[in-house]
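Novice:
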(Lines of atoms letter the chains of each structure in order from A and count residues from 1; the text may use other names and numbers.)
(Lines give C-alpha, C1' and ligand atoms only; values in the text may rest on other atoms or scores of the structure.)
Protein backbone atom coordinates (compact mmCIF):
# COMPACT_ATOMS: atom_id res chain seq x y z
CA UNK A 1 0.00 0.00 0.00
CA UNK A 2 1.17 3.54 -0.76
CA UNK A 3 2.49 5.56 2.16
CA UNK A 4 1.67 8.85 0.45
CA UNK A 5 -0.99 11.03 2.13
CA UNK A 6 -4.44 10.84 0.60
CA UNK A 7 -5.09 13.43 -2.12
CA UNK A 8 -8.91 13.48 -2.35
CA UNK A 9 -11.66 12.30 0.00
CA UNK A 10 -15.41 12.07 -0.40
CA UNK A 11 -17.46 13.10 2.62
CA UNK A 12 -21.03 11.89 3.12
CA UNK A 13 -22.54 14.28 5.65
CA UNK A 14 -21.45 17.74 6.75
CA UNK A 15 -22.73 18.01 10.32
CA UNK A 16 -20.63 18.35 13.45
CA UNK A 17 -18.57 15.25 12.60
CA UNK A 18 -18.53 15.60 8.82
CA UNK A 19 -17.70 19.29 9.04
CA UNK A 20 -14.86 18.49 11.43
CA UNK A 21 -13.51 15.93 8.97
CA UNK A 22 -13.76 18.51 6.17
CA UNK A 23 -11.75 21.00 8.21
CA UNK A 24 -9.04 18.49 9.15
CA UNK A 25 -8.61 17.25 5.57
CA UNK A 26 -8.81 20.63 3.81
CA UNK A 27 -6.32 22.29 6.19
CA UNK A 28 -3.93 19.39 5.63
CA UNK A 29 -3.97 19.99 1.87
CA UNK A 30 -6.52 17.31 0.94
CA UNK A 31 -9.25 18.01 -1.61
CA UNK A 32 -12.77 17.31 -0.30
CA UNK A 33 -15.93 16.41 -2.22
CA UNK A 34 -18.89 16.89 0.13
CA UNK A 35 -22.41 15.54 -0.18
CA UNK A 36 -25.03 16.71 2.31
CA UNK A 37 -28.59 17.47 1.13
CA UNK A 38 -29.54 19.22 4.39
CA UNK A 39 -30.31 22.96 4.04
CA UNK A 40 -27.44 25.20 5.12
CA UNK A 41 -24.91 22.35 5.25
CA UNK A 42 -22.19 24.13 3.31
CA UNK A 43 -22.55 27.27 5.47
CA UNK A 44 -22.07 25.20 8.62
CA UNK A 45 -19.02 23.49 7.16
CA UNK A 46 -17.52 26.84 6.16
CA UNK A 47 -18.03 28.12 9.72
CA UNK A 48 -16.29 25.05 11.12
CA UNK A 49 -13.47 25.47 8.62
CA UNK A 50 -12.98 29.06 9.83
CA UNK A 51 -12.89 27.85 13.45
CA UNK A 52 -10.33 25.20 12.56
CA UNK A 53 -8.12 27.72 10.76
CA UNK A 54 -8.13 29.88 13.85
CA UNK A 55 -7.32 26.91 16.11
CA UNK A 56 -4.50 25.63 13.88
CA UNK A 57 -2.86 29.07 13.81
CA UNK A 58 -2.72 28.88 17.59
CA UNK A 59 -1.75 25.21 17.72
CA UNK A 60 1.34 25.20 15.50
CA UNK A 61 3.95 27.68 14.31
CA UNK A 62 4.81 25.62 11.24
CA UNK A 63 3.34 26.58 7.87
CA UNK A 64 0.39 24.45 6.85
CA UNK A 65 0.29 23.04 3.33
CA UNK A 66 -1.72 24.80 0.67
CA UNK A 67 -5.37 24.24 1.54
CA UNK A 68 -7.27 21.56 -0.29
CA UNK A 69 -10.39 22.45 -2.20
CA UNK A 70 -13.93 22.04 -0.83
CA UNK A 71 -16.42 21.05 -3.53
CA UNK A 72 -20.11 20.55 -2.78
CA UNK A 73 -21.75 17.87 -4.94
CA UNK A 74 -25.37 16.84 -5.42
CA UNK A 75 -25.15 13.07 -5.13
CA UNK A 76 -23.38 10.25 -3.36
CA UNK A 77 -21.85 9.21 -6.67
CA UNK A 78 -20.48 12.72 -7.17
CA UNK A 79 -18.87 12.66 -3.73
CA UNK A 80 -17.07 9.33 -4.18
CA UNK A 81 -16.03 9.63 -7.82
CA UNK A 82 -12.23 9.67 -8.16
CA UNK A 83 -11.49 9.72 -4.42
CA UNK A 84 -9.15 7.52 -2.40
CA UNK A 85 -11.19 7.59 0.83
CA UNK A 86 -14.91 7.86 1.55
CA UNK A 87 -15.79 9.11 5.05
CA UNK A 88 -19.45 8.64 5.98
CA UNK A 89 -20.74 10.85 8.82
CA UNK A 90 -24.51 10.66 8.50
CA UNK A 91 -26.90 10.65 11.52
CA UNK A 92 -26.68 7.55 13.70
CA UNK A 93 -29.46 5.55 11.99
CA UNK A 94 -28.51 2.06 10.82
CA UNK A 95 -30.76 1.96 7.74
CA UNK A 96 -29.60 5.38 6.56
CA UNK A 97 -25.93 4.51 6.96
CA UNK A 98 -26.37 1.12 5.29
CA UNK A 99 -28.00 2.76 2.27
CA UNK A 100 -25.38 5.50 1.96
CA UNK A 101 -22.49 3.07 2.27
CA UNK A 102 -24.06 0.68 -0.24
CA UNK A 103 -24.59 3.51 -2.73
CA UNK A 104 -21.03 4.73 -2.17
CA UNK A 105 -19.56 1.26 -2.70
CA UNK A 106 -21.33 0.87 -6.03
CA UNK A 107 -20.17 4.27 -7.32
CA UNK A 108 -16.59 4.28 -5.98
CA UNK A 109 -13.65 2.48 -7.50
CA UNK A 110 -13.12 -1.03 -6.07
CA UNK A 111 -9.90 0.00 -4.33
CA UNK A 112 -11.43 3.06 -2.63
CA UNK A 113 -11.36 2.84 1.15
CA UNK A 114 -14.77 3.33 2.77
CA UNK A 115 -14.96 4.39 6.42
CA UNK A 116 -17.87 5.20 8.70
CA UNK A 117 -17.70 7.72 11.54
CA UNK A 118 -20.38 5.85 13.47
CA UNK A 119 -20.10 6.27 17.21
CA UNK A 120 -21.31 2.76 18.07
CA UNK A 121 -22.54 0.59 15.17
CA UNK A 122 -20.46 -2.48 14.37
CA UNK A 123 -18.89 -2.53 10.89
CA UNK A 124 -20.38 -5.95 10.09
CA UNK A 125 -23.85 -4.38 10.34
CA UNK A 126 -22.84 -1.50 8.10
CA UNK A 127 -21.31 -3.75 5.46
CA UNK A 128 -24.34 -5.96 4.72
CA UNK A 129 -25.13 -4.35 1.35
CA UNK A 130 -21.67 -2.98 0.53
CA UNK A 131 -19.95 -3.96 -2.67
CA UNK A 132 -16.39 -5.12 -1.94
CA UNK A 133 -16.91 -5.16 1.88
CA UNK A 134 -13.25 -6.00 2.33
CA UNK A 135 -12.47 -2.25 2.08
CA UNK A 136 -15.03 -1.07 4.68
CA UNK A 137 -14.27 -0.27 8.33
CA UNK A 138 -15.24 2.12 11.10
CA UNK A 139 -13.11 5.23 11.71
CA UNK A 140 -14.70 6.84 14.76
CA UNK A 141 -13.38 10.31 15.71
CA UNK A 142 -14.12 12.63 18.64
CA UNK A 143 -15.44 16.18 18.59
CA UNK A 144 -13.94 18.54 17.54
CA UNK A 145 -12.54 16.27 14.86
CA UNK A 146 -10.05 18.88 13.64
CA UNK A 147 -8.39 19.12 17.09
CA UNK A 148 -8.79 15.84 19.01
CA UNK A 149 -6.37 13.34 17.48
CA UNK A 150 -7.93 9.97 18.38
CA UNK A 151 -9.64 7.94 15.67
CA UNK A 152 -10.82 4.42 16.58
CA UNK A 153 -10.44 1.92 13.74
CA UNK A 154 -12.72 -1.10 13.92
CA UNK A 155 -12.75 -3.73 11.17
CA UNK A 156 -15.34 -6.36 10.31
CA UNK A 157 -14.35 -9.96 9.62
CA UNK A 158 -14.65 -9.16 5.92
CA UNK A 159 -12.20 -6.22 6.15
CA UNK A 160 -8.79 -6.87 4.69
CA UNK A 161 -5.79 -6.05 6.94
CA UNK A 162 -4.38 -3.92 4.12
CA UNK A 163 -7.42 -1.65 4.32
CA UNK A 164 -6.92 -1.20 8.05
CA UNK A 165 -3.24 -0.40 7.55
CA UNK A 166 -3.92 2.10 4.78
CA UNK A 167 -6.57 3.84 6.89
CA UNK A 168 -4.09 4.22 9.74
CA UNK A 169 -1.55 5.78 7.34
CA UNK A 170 -4.11 8.26 5.99
CA UNK A 171 -5.22 9.45 9.42
CA UNK A 172 -1.65 9.73 10.71
CA UNK A 173 -0.80 11.92 7.73
CA UNK A 174 -3.43 14.46 8.83
CA UNK A 175 -2.25 14.53 12.44
CA UNK A 176 -4.34 11.81 14.10
CA UNK A 177 -3.65 8.91 16.45
CA UNK A 178 -5.24 5.71 15.05
CA UNK A 179 -6.29 3.19 17.69
CA UNK A 180 -7.21 -0.26 16.38
CA UNK A 181 -10.13 -1.90 18.20
CA UNK A 182 -9.13 -5.55 18.46
CA UNK A 183 -12.64 -7.04 18.14
CA UNK A 184 -15.98 -5.79 16.94
CA UNK A 185 -17.89 -4.30 19.87
CA UNK A 186 -20.77 -1.87 20.08
CA UNK A 187 -19.58 1.61 21.03
CA UNK A 188 -15.89 0.67 20.55
CA UNK A 189 -13.60 1.77 23.42
CA UNK A 190 -13.86 5.51 23.99
CA UNK A 191 -17.65 5.73 23.93
CA UNK A 192 -18.10 2.71 26.21
CA UNK A 193 -15.93 4.46 28.78
CA UNK A 194 -17.71 7.76 28.25
CA UNK A 195 -21.10 6.11 28.54
CA UNK A 196 -20.21 4.50 31.86
CA UNK A 197 -19.25 7.85 33.34
CA UNK A 198 -22.25 9.59 31.73
CA UNK A 199 -24.61 7.02 33.23
CA UNK A 200 -23.21 7.58 36.72
CA UNK A 201 -23.31 11.35 36.24
CA UNK A 202 -27.02 11.13 35.43
CA UNK A 203 -27.67 9.11 38.58
CA UNK A 204 -25.82 11.63 40.77
CA UNK A 205 -28.06 14.42 39.50
CA UNK A 206 -31.20 12.28 39.48
CA UNK A 207 -30.72 11.27 43.11
CA UNK A 208 -29.96 14.88 44.20
CA UNK A 209 -26.46 13.87 45.26
CA UNK A 210 -24.88 16.49 42.99
CA UNK A 211 -25.86 19.23 40.57
CA UNK A 212 -24.86 19.47 36.95
CA UNK A 213 -22.24 22.06 37.98
CA UNK A 214 -20.89 19.79 40.73
CA UNK A 215 -20.38 16.89 38.33
CA UNK A 216 -18.69 19.06 35.70
CA UNK A 217 -16.36 20.63 38.29
CA UNK A 218 -15.47 17.27 39.84
CA UNK A 219 -14.19 16.12 36.46
CA UNK A 220 -12.61 19.21 34.94
CA UNK A 221 -10.70 20.20 38.09
CA UNK A 222 -9.26 16.75 38.84
CA UNK A 223 -8.86 13.59 36.81
CA UNK A 224 -10.14 15.26 33.64
CA UNK A 225 -6.85 17.17 33.47
CA UNK A 226 -4.86 14.11 34.48
CA UNK A 227 -6.52 11.96 31.80
CA UNK A 228 -4.91 14.13 29.11
CA UNK A 229 -1.60 12.64 30.28
CA UNK A 230 -2.30 9.17 31.64
CA UNK A 231 -5.14 6.68 31.26
CA UNK A 232 -6.64 4.72 34.16
CA UNK A 233 -4.15 1.87 33.81
CA UNK A 234 -1.12 4.16 34.10
CA UNK A 235 -2.09 5.35 37.58
CA UNK A 236 -0.25 2.46 39.17
CA UNK A 237 2.97 3.07 37.21
CA UNK A 238 4.79 -0.14 36.28
CA UNK A 239 3.61 -3.72 36.75
CA UNK A 240 4.61 -3.84 40.41
CA UNK A 241 2.91 -0.50 41.00
CA UNK A 242 -0.28 -1.80 39.37
CA UNK A 243 -0.27 -4.81 41.67
CA UNK A 244 0.09 -2.51 44.69
CA UNK A 245 -2.62 -0.21 43.36
CA UNK A 246 -5.07 -3.08 42.85
CA UNK A 247 -4.23 -4.57 46.25
CA UNK A 248 -5.08 -1.22 47.82
CA UNK A 249 -8.14 -0.23 45.79
CA UNK A 250 -9.32 -3.31 43.88
CA UNK A 251 -10.76 -5.98 46.17
CA UNK A 252 -12.62 -3.63 48.50
CA UNK A 253 -13.48 -0.59 46.41
CA UNK A 254 -14.81 -2.42 43.36
CA UNK A 255 -17.30 -4.28 45.57
CA UNK A 256 -18.56 -1.15 47.27
CA UNK A 257 -22.01 0.08 46.18
CA UNK A 258 -20.58 3.40 45.03
CA UNK A 259 -21.95 3.43 41.49
CA UNK A 260 -24.95 2.30 39.45
CA UNK A 261 -23.10 1.49 36.27
CA UNK A 262 -25.58 -1.15 35.13
CA UNK A 263 -28.70 0.94 35.69
CA UNK A 264 -29.94 4.10 34.01
CA UNK A 265 -32.38 6.55 35.61
CA UNK A 266 -35.69 6.85 33.82
CA UNK A 267 -35.60 9.93 31.64
CA UNK A 268 -38.88 11.37 32.90
CA UNK A 269 -39.99 14.88 31.98
CA UNK A 270 -39.32 15.94 35.56
CA UNK A 271 -35.74 14.66 35.43
CA UNK A 272 -35.13 16.20 32.00
CA UNK A 273 -36.49 19.50 33.33
CA UNK A 274 -34.06 19.28 36.25
CA UNK A 275 -31.12 18.66 33.93
CA UNK A 276 -32.11 21.53 31.65
CA UNK A 277 -32.70 23.94 34.53
CA UNK A 278 -29.41 23.17 36.23
CA UNK A 279 -27.56 23.40 32.93
CA UNK A 280 -29.01 26.89 32.35
CA UNK A 281 -28.07 27.92 35.89
CA UNK A 282 -24.45 26.82 35.75
CA UNK A 283 -22.40 29.68 37.10
CA UNK A 284 -19.52 29.55 34.60
CA UNK A 285 -21.56 29.88 31.40
CA UNK A 286 -24.00 32.43 32.82
CA UNK A 287 -21.26 34.62 34.35
CA UNK A 288 -19.27 34.65 31.12
CA UNK A 289 -22.45 35.33 29.12
CA UNK A 290 -21.05 33.43 26.16
CA UNK A 291 -23.00 32.40 23.09
CA UNK A 292 -22.75 28.82 21.81
CA UNK A 293 -20.23 29.85 19.14
CA UNK A 294 -18.17 31.73 21.75
CA UNK A 295 -18.22 28.65 24.00
CA UNK A 296 -16.95 26.56 21.09
CA UNK A 297 -14.10 29.03 20.55
CA UNK A 298 -13.32 28.93 24.26
CA UNK A 299 -13.34 25.11 24.08
CA UNK A 300 -10.93 25.19 21.13
CA UNK A 301 -8.62 27.68 22.86
CA UNK A 302 -8.47 25.50 25.98
CA UNK A 303 -7.83 22.36 23.94
CA UNK A 304 -5.07 24.12 22.00
CA UNK A 305 -3.46 25.19 25.28
CA UNK A 306 -3.57 21.63 26.65
CA UNK A 307 -2.25 20.15 23.39
CA UNK A 308 0.58 22.69 23.26
CA UNK A 309 1.50 21.93 26.86
CA UNK A 310 1.55 18.20 26.14
CA UNK A 311 3.50 18.80 22.93
CA UNK A 312 6.18 20.64 24.91
CA UNK A 313 6.53 17.51 27.04
CA UNK A 314 6.37 15.15 24.05
CA UNK A 315 3.67 13.17 25.80
CA UNK A 316 0.23 11.73 25.08
CA UNK A 317 -1.77 13.65 22.48
CA UNK A 318 1.06 16.18 22.39
CA UNK A 319 3.31 13.54 20.85
CA UNK A 320 0.76 13.20 18.04
CA UNK A 321 0.82 16.97 17.48
CA UNK A 322 4.63 16.92 17.42
CA UNK A 323 4.63 14.11 14.83
CA UNK A 324 2.13 16.04 12.69
CA UNK A 325 4.30 19.16 12.91
CA UNK A 326 7.34 17.15 11.90
CA UNK A 327 5.45 16.12 8.78
CA UNK A 328 4.51 19.75 8.08
CA UNK A 329 8.11 20.85 8.49
CA UNK A 330 9.56 18.05 6.39
CA UNK A 331 7.02 18.58 3.58
CA UNK A 332 7.77 22.30 3.35
CA UNK A 333 9.23 23.33 -0.04
CA UNK A 334 12.98 22.80 -0.23
CA UNK A 335 13.64 24.94 -3.30
CA UNK A 336 13.38 28.72 -3.08
CA UNK A 337 13.53 31.65 -5.47
CA UNK A 338 16.56 33.59 -4.32
CA UNK A 339 15.80 36.65 -6.41
CA UNK A 340 13.81 38.23 -3.57
CA UNK A 341 13.58 38.01 0.22
CA UNK A 342 11.76 34.95 1.57
CA UNK A 343 8.18 35.72 2.58
CA UNK A 344 6.24 34.28 5.50
CA UNK A 345 2.76 35.42 6.58
CA UNK A 346 1.07 34.96 9.94
CA UNK A 347 -2.09 36.28 11.56
CA UNK A 348 -1.64 37.60 15.10
CA UNK A 349 -3.75 35.58 17.60
CA UNK A 350 -5.47 37.34 20.48
CA UNK A 351 -3.36 35.67 23.18
CA UNK A 352 -0.21 37.30 21.77
CA UNK A 353 -1.44 40.72 22.93
CA UNK A 354 -0.19 42.44 26.11
CA UNK A 355 -2.05 44.67 28.55
CA UNK A 356 -1.52 47.67 26.27
CA UNK A 357 -3.44 46.00 23.46
CA UNK A 358 -0.31 45.53 21.33
CA UNK A 359 1.74 42.53 20.31
CA UNK A 360 3.86 41.58 23.32
CA UNK A 361 7.62 42.02 22.91
CA UNK A 362 8.54 38.35 23.08
CA UNK A 363 6.27 37.58 20.13
CA UNK A 364 8.34 39.77 17.80
CA UNK A 365 11.28 37.50 18.57
CA UNK A 366 9.05 34.46 18.07
CA UNK A 367 8.01 35.71 14.62
CA UNK A 368 11.67 36.15 13.71
CA UNK A 369 12.37 32.63 14.98
CA UNK A 370 9.52 31.17 12.93
CA UNK A 371 10.82 32.95 9.84
CA UNK A 372 14.32 31.60 10.50
CA UNK A 373 12.91 28.08 10.88
CA UNK A 374 11.10 28.59 7.58
CA UNK A 375 14.39 29.60 5.93
CA UNK A 376 16.19 26.56 7.32
CA UNK A 377 13.40 24.29 6.13
CA UNK A 378 13.53 25.84 2.67
CA UNK A 379 17.26 25.14 2.30
CA UNK A 380 16.77 21.51 3.26
CA UNK A 381 17.35 21.24 7.00
CA UNK A 382 14.82 18.57 7.91
CA UNK A 383 14.72 15.89 10.60
CA UNK A 384 17.06 13.60 8.64
CA UNK A 385 19.64 16.37 8.16
CA UNK A 386 19.46 17.38 11.83
CA UNK A 387 19.97 13.80 12.99
CA UNK A 388 23.00 13.30 10.73
CA UNK A 389 24.73 16.66 10.52
CA UNK A 390 23.23 19.29 12.86
CA UNK A 391 21.51 22.62 12.49
CA UNK A 392 21.92 26.37 12.93
CA UNK A 393 21.78 27.90 16.42
CA UNK A 394 21.24 31.60 17.11
CA UNK A 395 24.25 33.45 18.55
CA UNK A 396 22.91 37.01 18.55
CA UNK A 397 19.63 38.83 17.88
CA UNK A 398 18.91 42.55 17.54
CA UNK A 399 15.25 43.71 17.50
CA UNK A 400 14.02 47.15 16.51
CA UNK A 401 10.42 48.08 17.40
CA UNK A 402 9.18 50.62 14.87
CA UNK A 403 5.39 50.32 15.02
CA UNK A 404 2.52 48.43 16.60
CA UNK A 405 0.81 45.17 15.74
CA UNK A 406 -2.60 44.10 17.03
CA UNK A 407 -4.73 40.97 17.28
CA UNK A 408 -6.02 39.87 13.89
CA UNK A 409 -3.33 41.71 11.91
CA UNK A 410 -1.90 39.74 9.00
CA UNK A 411 1.86 40.14 9.28
CA UNK A 412 4.44 39.60 6.56
CA UNK A 413 7.98 38.65 7.52
CA UNK A 414 10.54 39.26 4.75
CA UNK A 415 13.77 37.37 5.33
CA UNK A 416 16.97 38.66 3.71
CA UNK A 417 20.20 36.64 3.88
CA UNK A 418 22.90 39.26 4.48
CA UNK A 419 25.80 36.85 4.35
CA UNK A 420 26.99 33.30 4.93
CA UNK A 421 30.12 31.17 5.05
CA UNK A 422 30.68 27.51 5.79
CA UNK A 423 29.53 27.87 9.43
CA UNK A 424 27.78 31.21 9.86
CA UNK A 425 24.48 32.57 8.61
CA UNK A 426 23.55 36.26 8.88
CA UNK A 427 19.85 37.07 8.33
CA UNK A 428 17.64 40.14 8.55
CA UNK A 429 13.86 40.05 9.03
CA UNK A 430 11.44 42.86 8.23
CA UNK A 431 8.06 42.54 9.98
CA UNK A 432 5.22 44.57 8.54
CA UNK A 433 1.45 44.55 8.43
CA UNK A 434 0.24 43.10 5.15
CA UNK A 435 -0.09 45.83 2.49
CA UNK A 436 1.88 48.32 4.65
CA UNK A 437 5.21 49.57 3.36
CA UNK A 438 6.46 50.84 6.72
CA UNK A 439 7.99 48.10 8.91
CA UNK A 440 6.49 47.39 12.32
CA UNK A 441 9.76 45.85 13.47
CA UNK A 442 13.04 44.42 12.23
CA UNK A 443 15.14 41.57 13.56
CA UNK A 444 18.76 40.82 12.76
CA UNK A 445 20.25 37.42 13.67
CA UNK A 446 23.63 35.72 13.50
CA UNK A 447 23.47 31.93 13.52
CA UNK A 448 26.16 29.25 13.61
CA UNK A 449 26.01 25.68 12.37
CA UNK A 450 26.42 23.16 15.24
CA UNK A 451 27.27 19.52 14.60
CA UNK A 452 24.89 16.86 15.88
CA UNK A 453 25.80 15.50 19.29
CA UNK A 454 29.00 17.52 19.67
CA UNK A 455 27.81 20.91 20.88
CA UNK A 456 30.52 22.43 18.69
CA UNK A 457 30.40 24.42 15.50
CA UNK A 458 31.03 22.69 12.21
CA UNK A 459 30.47 23.43 8.53
CA UNK A 460 27.09 22.93 6.91
CA UNK A 461 26.99 19.86 4.69
CA UNK A 462 26.07 18.97 1.13
CA UNK A 463 23.15 20.62 -0.63
CA UNK A 464 22.27 22.67 2.48
CA UNK A 465 25.59 24.48 2.32
CA UNK A 466 25.21 24.97 -1.43
CA UNK A 467 21.71 26.41 -1.12
CA UNK A 468 22.67 28.80 1.67
CA UNK A 469 25.69 30.14 -0.18
CA UNK A 470 23.66 30.50 -3.37
CA UNK A 471 20.91 32.31 -1.48
CA UNK A 472 23.45 34.66 0.11
CA UNK A 473 24.97 35.36 -3.31
CA UNK A 474 21.59 36.21 -4.83
CA UNK A 475 20.43 38.29 -1.90
CA UNK A 476 23.66 40.29 -2.09
CA UNK A 477 22.28 41.77 -5.31
CA UNK A 478 19.20 43.11 -3.47
CA UNK A 479 19.13 46.54 -1.79
CA UNK A 480 20.59 46.25 1.69
CA UNK A 481 17.87 46.66 4.37
CA UNK A 482 17.87 50.12 5.89
CA UNK A 483 18.58 49.15 9.51
CA UNK A 484 20.91 46.21 8.82
CA UNK A 485 23.99 46.39 11.03
CA UNK A 486 22.47 49.01 13.34
CA UNK A 487 23.53 49.03 16.97
CA UNK A 488 22.04 50.57 20.10
CA UNK A 489 23.63 53.95 20.85
CA UNK A 490 22.75 57.51 21.73
CA UNK A 491 22.30 59.49 18.55
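In this note's numbering, the protein residues as written are 763 to 1253.
Ideal Cβ positions, reconstructed from N, Cα and C, are used throughout, including at glycine.
How many Å lie between residue 1194 and residue 770 at the Cα?
Specialist: 36 Å
Novice: To the nearest whole angstrom, what separates the beta carbons of residue 1227 and residue 1184, a pair I think is in contact under 8 Å?
Specialist: 7 Å
Novice: In chain order, what residues of the same chain have a beta carbon less than 7 Å from the beta carbon of residue 834, not counting five sequence neighbours either side?
Specialist: 796 and 804
Novice: Whole angstroms are fine: how far does the CA of residue 984 sit from the CA of residue 1134?
Specialist: 40 Å
Novice: Can you list the alpha helix (DSSP H) stretches of 4 or more residues lying completely in the segment 837-862, in chain order?
Specialist: 838-842
Novice: Is it buried or exposed for residue 958, if we count other Cβ within 10 angstroms and need 16 for buried?
Specialist: exposed
Novice: With distances taken from CA atoms, which of 881, 838, 887 and 952 is nearest residue 867?
Specialist: 838
Novice: Excluding sequence positions up to five away, which residues of its chain have a Cβ less than 7 Å from the Cβ of residue 830?
Specialist: 787, 788, 791, 792, 793 and 794
Novice: Helix, strand or coil for residue 769 per DSSP?
Specialist: Collapsing the DSSP output to three states places residue 769 in coil.
Novice: Look at residue 1168 and residue 1127 and say whether their C-beta atoms are less than 8 Å apart.
Specialist: no
Novice: Would you list the one or two residues that DSSP bridges to residue 1206?
Specialist: Looking at the DSSP assignment, residue 1206 forms a beta bridge with 1160 and 1190.
Novice: Taking the alpha-carbon of residue 844 as reference, which of 1175, 1188, 1156 and 871 has the nearest alpha-carbon?
Specialist: Put simply, of 1175, 1188, 1156 and 871 the residue whose alpha carbon is nearest the alpha carbon of residue 844 is 871.
Novice: Tell me whether the segment 973-982 and the segment 1063-1074 touch, counting them as touching only if at least three CB pairs, one residue from each stretch, are closer than 8 Å.
Specialist: no
Novice: Is it buried or exposed, residue 1097, if we count other Cβ atoms within 10 angstroms and call 16 or more buried?
Specialist: With a pLDDT of 44 at residue 1097, under the threshold of 50, the predicted position of this residue should be treated as unreliable, and no value is reported.
Novice: Beta-carbon within less than 8 Å of residue 1164's beta-carbon, same chain only, minus the 5 sequence neighbours each way: which residues are those?
Specialist: Within the same chain, Cβ atoms closer than 8 Å to the Cβ of residue 1164 are found at 1200, 1201, 1202, 1203 and 1204, the five residues on either side in sequence being excluded.
Novice: Measure the C-alpha to C-alpha separation of residue 781 and residue 1119 and round it to an integer number of angstroms.
Specialist: Spanning the two alpha carbons is a distance of roughly 34 Å.
Novice: Whose C-alpha, out of 978, 798 and 1136, is nearest the C-alpha of residue 825?
Specialist: 1136
Novice: Taking the C-alpha atoms as reference points, what is the distance between residue 1037 and residue 802?
Specialist: Within the model, the alpha-carbon separation for residue 1037 versus residue 802 is close to 30 Å.
Novice: Can you have a look at residue 1247 and say buried or exposed, based on whether 16 or more other CB atoms are within 10 angstroms of its CB?
Specialist: exposed
Novice: Quick check on the burial criterion: 16 or more other C-beta atoms within 10 angstroms. Buried or exposed for residue 779?
Specialist: Classification for residue 779: buried.
Novice: Just how far apart, CA to CA, sit residue 1175 and residue 1237?
Specialist: 16 Å
Novice: Considering only the alpha carbon of each residue, which of 1087, 1230 and 1112 lies closest to residue 1063?
Specialist: 1112
Novice: Would you kindly check if the distance between the Cβ of residue 1144 and the Cβ of residue 1085 is under 8 Å?
Specialist: no
Novice: Opposite residue 726 in the DSSP bridges: which residues?
Specialist: Lying before the first or after the last residue shown, residue 726 is absent from the chain, which here runs from 763 to 1253.
Novice: Go through its chain and collect everything with a Cβ distance to residue 974's Cβ below 7 Å, but skip five positions before and after it.
Specialist: Cβ neighbours of residue 974 within its own chain (closer than 7 Å, five residues either side excluded): 967, 1037, 1040, 1041 and 1044.
Novice: Nearest to residue 1124 by CA position, among 971, 1162 and 1053, is which residue?
Specialist: 1162
Novice: Which residues does DSSP list as the beta-bridge partners of residue 1106?
Specialist: 1175
Novice: Rounding to the nearest angstrom, what Cα-Cα distance links residue 810 and residue 785 in this structure?
Specialist: 7 Å
Novice: Could you name the residues of the same chain whose beta carbon sits closer than 7 Å to that of residue 1231, not counting the 5 residues immediately before and after it, in chain order?
Specialist: 1182
Novice: DSSP three-state call for residue 895: helix, strand or coil?
Specialist: helix
Novice: Which residues in the same chain have their Cβ closer than 7 Å to the Cβ of residue 889, if we skip the five residues on either side of it in sequence?
Specialist: Hits under 7 Å: 895, 898, 918 and 920.
Novice: CB-CB under 8 Å to residue 1107, same chain, minus the five flanking residues each way: which ones, in chain order?
Specialist: 1172, 1173, 1174, 1175 and 1196
Novice: Between the Cα of residue 945 and the Cα atoms of 863, 910, 883 and 986, which residue gives the shortest distance?
Specialist: Answer by Cα proximity: 883.
Novice: Reducing DSSP to helix, strand and coil, say where residue 992 ends up.
Specialist: coil
Novice: Near residue 775, what residues of its chain come up, given a Cβ to Cβ distance below 7 Å and the 5 sequence neighbours on each side ignored?
Specialist: 798, 850, 851 and 852
Novice: Around the C-beta of residue 1224, are 16 or more other C-beta atoms found within 10 angstroms, so that it is buried, or is it exposed?
Specialist: Its Cβ having fewer than 16 others within 10 Å, residue 1224 is exposed.
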